[in-house]
Amino acid sequence: IESEEAFREAMKGVLEEILGIAKVGKWMYFDKEGEVLGYPSWVEIDIAIKDQMHILVEIKASASDDTVSKLWRIGKLYEKVTEAKPRLILVTPFIDEKGLKAAKELGIEIYTKT
Numbered sequence: 005i006e007s008e009e010a011f012r013e014a015m016k017g018v019l020e021e022i023l024g025i026a027k028v029g030k031w032m033y034f035d036k037e038g039e040v041l042g043y044p045s046w047v048e049i050d051i052a053i054k055d056q057m058h059i060l061v062e063i064k065a066s067a068s069d070d071t072v073s074k075l076w077r078i079g080k081l082y083e084k085v086t087e088a089k090p091r092l093i094l095v096t097p098f099i100d101e102k103g104l105k106a107a108k109e110l111g112i113e114i115y116t117k118t
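So the sequence shown is numbered by my numbering: it starts at 5 and just counts up by one.
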C-alpha cells in the first residue's frame, strides 16, 4: 500500500508540477444504487484530467479479472455521473491471464512489468 501511494504521488508530481499537463486527484462518489459493488458504498479512484480527457487510474500490487471488472464498473458509474467517458488504466506489476483477457475485452489499458 505504501508503494502504491508513493506511485500516486510521483504521478501527480510529474503530470501536474513538472509537465503541467494534467490535474491529478481522487474521485470519490457515494454509489447509493450499488452499481460497483452490488450494495451502497463509497467509490474512490485516482483521476487525471487534461482538457476534455478524463483518465481513471487504478494502481494495484496485483490484479485479476475481479480487479479489472471493478475498474470497468467504476468507469461506467463515472461516465453516468459526470457525462464524460473516461479512459481506464490499470497499473500493476502482476496480472493473471484472466485479468489480461478481461482487460482486452473491456478496453482497459494495462501497464505492467514486461
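For glycine and all other residues, C-beta sits at the position ideal for the given N, C-alpha and C.
Query raised in the report: How should residue 55 be labelled, buried or exposed, when 16 other C-beta atoms within 10 angstroms of its C-beta is the threshold for buried?
Result: Its Cβ having fewer than 16 others within 10 Å, residue 55 is exposed.
Requested in this report: Express the C-alpha separation of residue 37 and residue 81 in angstroms, rounding to a whole number.
Outcome: When only Cα atoms are considered, residue 81 and residue 37 end up about 10 Å apart.
Query - As assigned by DSSP and simplified to three states, the class of residue 52 - result: Here residue 52 sits in strand by DSSP.
Query - Bounding residues of the beta strand (DSSP E) (the contiguous stretch that carries residue 104) - result: If you look at residue 104, you'll find it isn't in any beta strand (DSSP E); it sits in the alpha helix (DSSP H) that goes 101-110.
Query raised in the report: Among the residues of its own chain, which have a CB less than 7 Å from the CB of residue 85, if the five just before and after it don't count?
Result: So the list reads 33, once near-sequence residues are dropped.
**Report entry** Proximity to residue 44 [Cα-Cα], best of 93, 35, 24 and 117
**Finding:** Residue 44 has its Cα closest to that of 35, out of 93, 35, 24 and 117.
Query - Secondary structure of residue 41, DSSP reduced to three states - result: Residue state, collapsed to three classes: coil.
Query raised in the report: What is the residue span of the alpha helix (DSSP H) that residue 117 lies within?
Result: Unbroken run through residue 117: none, as it is neither H nor E.
**Report entry** Residue burial classification, residue 94 (beta-carbon count within 10 angstroms, cutoff 16)
**Finding:** Around the Cβ of residue 94, a 10 Å sphere holds 16 or more other Cβ atoms; the residue is buried.
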